[in-house]
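Encoded as structure tokens, the structure appears first; notes follow it.
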Amino acid sequence: MLPPSPPGPSTSQTRIKWYQSLQVRIIIGLVTVLIAMIIAAIVVLQTLGRSILIDDNIKLLTQSGHRVVTELSQRTKMAEAMTRDLAQLGEGLGQSPEKLHKVVPEILNPYGYGSVIAGGGVWPEPYQFAPDKRRDSYFWGRNQKGLLEFYNDYNDPNGRGYHQEEWYVPAQYLRHEKCYWSKSYMDPYSFEPMVTCTVAITKTEGNNSQSVTSQFIGAATLDLKLQGLKEFFDERAREFGGYIFAVDRNNKLLSFPDTTVATLRTQTSEGTAQEFLTAEELAKHSERFKPVAQALQQINDRIIFEARKKPDFNQQLALDIATGSDQINEEEAALIAATLLDPFDLNNTSQIAFGPLELERDILLNEPVWVTGFLMPETYWKVILVSPERVATSRANEVSSQVSLALVLMLLVAMLAAYIFLQRVLIKPLTRMSASLRTLDAQSSPRHLVLLDDQRADELGQVAYYFNKRTKALQTSEIRFRSVSQTAQDAIVITDDQGLVLDWNHSAEEMFDYNAQEIIHHPIALILPSIDDGQLKVVMGQLNDSVEQQESDTMLEALARRKTGNEIPVEVALSSWLEGNDRFFAFFIRDITDRIRAQKQMQYLAMHDTLTGLPNRVLFNDRLCRALERARRQQQKVILLFLDLDNFKVVNDSLGHEQGDKLLRKVSLRLLKTGRTSDTIARLGGDEFAMIITEIDDANIVCSLADRIIEAISQPYHIEGNEMHIGVSIGITVFPDDHHEPDQLVRNADMAMYRAKGEGKNTYRHYIDEMDAEIQRRRLLQTDLKRALVNNEMFIEYQPQIDIATNRLAGAEALLRWQHPERGRVPPDEFIPLAEQTGLIVEIGDWVLEEVCMQIRAWQDAGLPQVPIAVNLSSVQFRRDDLLERICSAMHAYDINPGLLEFEITESYVMNDPDAAISTMFDMREFGVKISVDDFGTGYSSLGYLRRFPVDKVKIDRSFVTDIEHDKDSATLAKAVVQLGHSLGLKVVAEGVETKGQLEFLQNQYCDLVQGYLFSKPLPARKFSEWLESSSINTPVQHLVS
């Protein structure tokens, strides 16, 4: 695709004003030449006066330079004096870190100089101040807020340290109290130049003058900010109308009037960094500065040369300095070694380093200037003064006006002749060339970036403008296309109208494994075999008929072929354009392999259970519909089984969901083994499964299948050291015997499954029509049960428990009753299991506990005798995490004694997870409540577990008590329960006692407590209060039966 053309030229660029015409400018040029002759004469007259003025200007520059250097030296001397103080402090207090921490910041923070001193400190040699510390610096620096802060970074044993720093190594070779000035660097906060003054710390050894030696034991430093250096120079430069700048020993700029020219900004991980350039680097940016840079380098060369003349010059010194610090190269080391000898003996006075140097054009002033450099003592910085020549020559120019009148006539004659000549040989040809290039702008397509100077406002500038306009447009289009193409994620392939590949991007190369040489000028059919047929060819034909640039709005899917021969699915978009008479196509190709794979995965996940991998309810319904349609055509039967795991919720709640998930996977594997490959086994959710059995002529075979399933599921499961036992309840329905529609068949199987659960679990039941009415009745009962608490339809009755030995009232059991407004009293064994299945038992159980506690409180307030009341806990309540919190809350709400509450727990549930049950029972006992095991003898409790149970009573199941008079086995079991309970120190309660024979048997076995209709039926709270008032039973038991 071609890029859009740049905007057209403005009127000022296409129409030349008369005074900007080349004709007029040539005439002016000729006049200028003649005027130059006049000026030459004037120059001769001015030469003598100009020489005198220049000498005066040089004297002014010299005086200003010495004055500037003197004032600047005063600042550095202050820093040197403070650094010497730090060195003396290090010599005297090196063994006293506490004093150093106190005194060093005081020296670094003198009144009035806080903004100038950026930091400083004392830097000992290894093990000098402390025998066990190789790095033991005491350095303070100013933070971003300008406050001194102690920095310990240089002492990091894993860090670089400081003994190789550029400001440290030369200090070893300093003369006594002599200062070494480091390279300049930028303050990271103010971007102002900084330097470090270093003075050696020495230790004097010996007692007399002949044996005294000085040992280098470290260095003291002070970091000096050259704050306001530019403003200081600008103020002094007003004296001579120019400007001043300075460089350090290595000719790195310390100050420059235009920082945009003299600094380099870089981006680092900590932000923007700014650094001054060296004179050599600035000369590379501007040829005008090169003579100044060369002069500065010659000064350094002269310093080294003069130093070598010194008798105490040591060539090895430079090598030692370069070796000691990786921040100092050999050239810098030679210069440092030379300055340490002070070869010019400046003695605190400045010296002219070079100049005056005359420059034709200054880098800043853009006019001729004089440049003079001064060498600063101690620091060996150079201060450079730049003064415009016009300051010295402005008075000489006044003479030129006196000569101009004599040459006017010559100017007019020469101008006329030159105009006629140049009109013929130059102006007319250029005008024609400009017109030709304007025509070429609309037709040509230059391929290379060649720009002309289009800043002129004449014909040549116009020619350059149109030429550059077209060239830049082509370059912009090429750059834009290349940038987009090479960074695009999709493959982009450019072809001609014959389908030959002309170009492609990097993504295409990676997608098809061809390199450019292997695909360029080859047919695109090599990678898109479907190009010659199908919808892709039709779209190309439509685009080929277009006379303008056009893109297809259709995304086509096709198969592409890699170099290896492998085919991949792709999505293709097309674009077409014309260049002259040539048609080109752009193919935008996207690999959609991952997308198709993801779509298939999403489709699979939408149809399958993520836990077991079995078909889910969606796929189950689809396969059921298909199976029924096929069975209708082939006149076959379809059997539908609904399976619900028995006791799975107990396992899931007691061992956790992770164990429950693993159990479901094992169940799924067992189901798959029982069925055929043609059968569908699905997980509908939770612990519910379904099976679709097809191609069946005889529905009777399903019974053997159901038996196999029950046997397989009932086998023990061993998961992470736990043995688990579950069962399965199965509901069976048959198509077309039971119904023809899939939804109704599903409901039929569900009803049959619930019938299996209701009739003992771990069995199967076939659907019969009566089940539908039973399900409707249960649903209606469930709806009524939800409203029972709200409508106050439930109440509690209390059945007395009698102490056989004393015939006295020993307690009572709280029994829940439901008085339905239409059905009358609903049996507990009918609505309590339903409440447990629906979860309503939690709300009902909380209500029962609240009512019992409130009734106990009422009896206490009435002054009646207190006996413990037993409350039944369902398995759902017992598994709740907040069970103890609920019990405690109810007792505290009515302020009752915990010993008056007893909780009956079914033995069968306790044995499902005995360890968890024991833990919960111990927590309940801590509250002071009593615990009894209900229906004892039906849960197959082991003696080992029974010994661990923190219970007070066991209750003989009603089924044993009912038959003890007539059934020897029941009597034996009842006798065994009483003996076992007593052996464990527990009281034994027998419920369901209705005859004197039963009572006599229990008395003979020394049973502790009994309850039943022989003594009293369950009583409302008001009637039971009468028992409490009597507090004992004085009438013989046989007389109470009525």
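First residue of the sequence shown: 1, per UniProt numbering; consecutive thereafter. Cβ coordinates follow ideal geometry from the N, Cα and C atoms, glycine included. Note that this is a predicted model, so its numbers are computed, not measured.
DSSP state of Met-555 mapped onto helix, strand, coil | Locating residue 555 in the sequence shown gives position 555, where the first residue counts as 1. Per DSSP, reduced to three states, the secondary structure at Met-555 is coil, with no helix or strand assignment.
From Ser-214 to Arg-84, what distance separates their C-alpha atoms?
-> As a working mapping, residue 214 is identified with position 214 in the sequence shown. As a working mapping, residue 84 is identified with position 84 in the sequence shown. One Cα belongs to Ser-214, the other to Arg-84, and the distance between them is close to 16 Å.
Please list, in chain order, all residues of the same chain as Pro-817 whose beta carbon is under 8 Å from its beta carbon, the five residues on each side excluded.
-> For the purposes of this step, residue 817 is taken as the residue at position 817 of the sequence shown. Per the sequence presented here, residue 817 reads as Arg, with Pro not at that position. Only Met-794, Phe-795, Ile-796, Glu-797, Arg-825, Pro-828, Pro-1018 meet the Cβ criterion.
Report all residues from its chain with a CB closer than 6 Å to the CB of Asn-143; omit the five preceding and five following residues, and keep chain order.
-> Counted from its first residue, the sequence shown places residue 143 at position 143. Cβ neighbours of Asn-143 beyond the five flanking positions: Glu-149.
Secondary structure of Cys-1007, DSSP reduced to three states | Numbered from its first residue, the sequence shown carries residue 1007 at position 1007. Cys-1007: coil per DSSP, three-state reduction.
Can you tell me which of the three DSSP states Tyr-185 falls into?
-> Residue 185 sits at position 185 when you count from the first residue of the sequence shown. In the structure shown, Tyr-185 sits in a strand (DSSP, three-state: E or B).
Alpha-carbon spacing of Ala-318 relative to Asn-329, whole angstroms = Counting from 1 along the sequence shown, the entry for residue 318 is found at position 318. Counting from 1 along the sequence shown, the entry for residue 329 is found at position 329. When rounded, the distance between both Cα atoms is 10 Å.
Going by the beta-carbon positions, is the gap between Arg-765 and Ala-682 smaller than 9 Å?
-> In the sequence shown, the residue the question calls residue 765 occupies position 765. In the sequence shown, the residue the question calls residue 682 occupies position 682. No, the Cβ-Cβ distance between Arg-765 and Ala-682 is not below 9 Å.
Which residues DSSP lists as bridging Pro-523, in chain order | Position 523 of the sequence shown holds residue 523. Per DSSP, Leu-500.
Hey, would you say Leu-359 sits closer than 9 Å to Pro-368, going by beta carbons?
-> As a position in the sequence shown, residue 359 is number 359, starting the count at 1. As a position in the sequence shown, residue 368 is number 368, starting the count at 1. Between Leu-359 and Pro-368, the gap from beta carbon to beta carbon is short of 9 Å.
How big is the Cα-Cα spacing for Asp-957 and Gln-877?
-> Walking along the sequence shown from the start, residue 957 turns up at place 957. Walking along the sequence shown from the start, residue 877 turns up at place 877. Answer to the nearest angstrom: the Cα atoms are 21 Å apart.
With respect to the alpha helix (DSSP H) encompassing Asn-748, which residues constitute its N-terminal and C-terminal limits?
-> If you number the sequence shown from 1, residue 748 lands on position 748. Taken as a continuous stretch (DSSP letters only), the alpha helix (DSSP H) holding Asn-748 covers 742-758.
In three-state DSSP terms, what is Ser-96?
-> Translated into the one-based positions of the sequence shown, residue 96 becomes position 96. If DSSP states are grouped into helix, strand and coil, Ser-96 belongs with coil.
Where does Ser-919 land, buried or exposed, given buried means 16+ other C-beta within 10 angstroms?
-> Locating residue 919 in the sequence shown gives position 919, where the first residue counts as 1. In the assembly as shown, Ser-919 is an exposed residue. Its beta-carbon has fewer than 16 other beta-carbons within 10 Å.
Three-state class that DSSP yields for Gly-218 in the structure shown = Residue mapping note: residue 218 aligns to position 218 of the sequence shown, counting from 1. If DSSP states are grouped into helix, strand and coil, Gly-218 belongs with the strands.
Go ahead and pull the three-state DSSP assignment for Thr-962.
-> In the sequence shown, residue 962 corresponds to position 962, counting from 1. In the three-state scheme derived from DSSP, where H, G and I count as helix and E and B as strand, Thr-962 is classed as helix.
Helix, strand or coil: how does DSSP classify Pro-311 here?
-> Within the sequence shown, residue 311 is the residue found at index 311, counting from 1. Coil, per DSSP.
Sort out for me which residues DSSP pairs Gln-819 with in a bridge.
-> As a position in the sequence shown, residue 819 is number 819, starting the count at 1. Secondary-structure assignment with DSSP links Gln-819 through a beta bridge to Arg-825.
Option in His-608, Gly-141, Leu-809 with minimal Cα separation from Glu-1029 = Counting from 1 along the sequence shown, the entry for residue 1029 is found at position 1029. In terms of CA proximity to Glu-1029, Leu-809 leads the group His-608, Gly-141, Leu-809.
Same chain only: Cβ atoms within 8 Å of Glu-239, ignoring 5 sequence neighbours per side = Position 239 of the sequence shown, counted from the start, is the residue given in the question as residue 239. Excluding positions up to five away in sequence, the list reads Leu-60, Ser-64.
Are there 16 or more other CB atoms within 10 angstroms of the CB of Val-68, so buried, or fewer, so exposed?
-> One-based indexing of the sequence shown puts residue 68 at position 68. Val-68 comes out buried.
When the Cα of Gln-635 is compared with those of Ala-627, Tyr-604, Phe-1024, which residue comes out closest?
-> If you number the sequence shown from 1, residue 635 lands on position 635. Among Ala-627, Tyr-604, Phe-1024, the Cα nearest to that of Gln-635 is on Ala-627.
Residue burial classification, Met-602 (beta-carbon count within 10 angstroms, cutoff 16) = As a first step, residue 602 must be located in the sequence shown, where it is residue number 602. The residue in question, Met-602, is exposed, as its Cβ has fewer than 16 Cβ neighbours within 10 Å.
Note down, in chain order, each residue of its chain lying with its Cβ closer than 7 Å to the Cβ of Ile-639, except the 5 sequence neighbours on either side.
-> The residue you call residue 639 lines up with position 639 of the sequence shown. Excluding sequence neighbours, Ile-639 sits near Ile-693, Ile-696, Ala-699, Val-702, Ile-732, Val-734.
Which whole runs of the beta strand (DSSP E) in the stretch 322-366 are 3 residues long or more, in chain order?
-> Every beta strand (DSSP E) stretch that sits fully inside the stretch 322-366 and reaches 3 residues is listed by chain position as 351-359.
Counting Cβ pairs closer than 8 Å, one from the stretch 650-660 and one from the stretch 705-713, do we hit at least three?
-> In short, these stretches do not touch, since the Cβ pair count stays below three.
Neighbour-count burial assignment, Arg-1022, 16 or more Cβ in a 10 Å radius | In the sequence shown, the residue the question calls residue 1022 occupies position 1022. By the neighbour-count rule (16 or more Cβ atoms within 10 Å), Arg-1022 is not buried but exposed.
Grab the span of the alpha helix (DSSP H) containing His-285 for me, first residue to last.
-> Residue numbering aside, residue 285 sits at position 285 when the sequence shown is read from its first letter. In the DSSP assignment, His-285 falls within the alpha helix (DSSP H) that extends over 279-285.
Note down, in chain order, each residue of its chain lying with its Cβ closer than 7 Å to the Cβ of Phe-936, except the 5 sequence neighbours on either side.
-> Stepping through the sequence shown from its first residue, residue 936 is reached at position 936. So the qualifying residues of the chain are Glu-907, Val-954, Lys-955, Ile-956, Asp-957, Val-977.
Are the beta-carbon atoms belonging to Gly-981 and Val-993 less than 9 Å from one another?
-> For the purposes of this step, residue 981 is identified with residue 981 of the sequence shown, where counting begins at 1. For the purposes of this step, residue 993 is identified with residue 993 of the sequence shown, where counting begins at 1. With respect to Val-993, Gly-981 sits apart: the two C-beta atoms are not nearer than 9 Å.
Nearest to Gln-819 (by Cα), restricted to the options Gly-811, Glu-830, Ala-812 = Here the question's residue 819 lines up with position 819 in the sequence shown. Looking at the Cα atoms, Glu-830 is the closest of the given residues.
Extent of the continuous beta strand (DSSP E) run through Thr-259 = By one-based count along the sequence shown, residue 259 stands at place 259. The continuous stretches of beta strand (DSSP E) do not include Thr-259, which lies in the alpha helix (DSSP H) extending over residues 259-262.
Which first and last residues belong to the beta strand (DSSP E) in which Ile-804 is found?
-> Here residue 804 is taken as the residue at index 804 of the sequence shown, counted from 1. Counting along the chain, Ile-804 falls outside any beta strand (DSSP E), and DSSP gives it neither H nor E.
Can you grab the Cα-Cα spacing for the pair Glu-885 / Leu-864, in whole Å?
-> Sequence index remark: in the sequence shown, residue 885 carries index 885 (1-based). Sequence index remark: in the sequence shown, residue 864 carries index 864 (1-based). For Glu-885 and Leu-864, the distance between alpha carbons rounds to 28 Å.
Local Cβ density within 10 Å of Asp-326, reported as buried at 16 or more and exposed below that | Taking the sequence shown and counting its residues from 1, the one referred to as residue 326 is at position 326. Burial check for Asp-326: the Cβ neighbour count within 10 Å stays below 16, so the residue is exposed.
Alpha carbon of His-892 to alpha carbon of Thr-763, nearest angstrom | In the sequence shown, the residue the question calls residue 892 occupies position 892. In the sequence shown, the residue the question calls residue 763 occupies position 763. Distance between the alpha carbons of His-892 and Thr-763: 46 Å.
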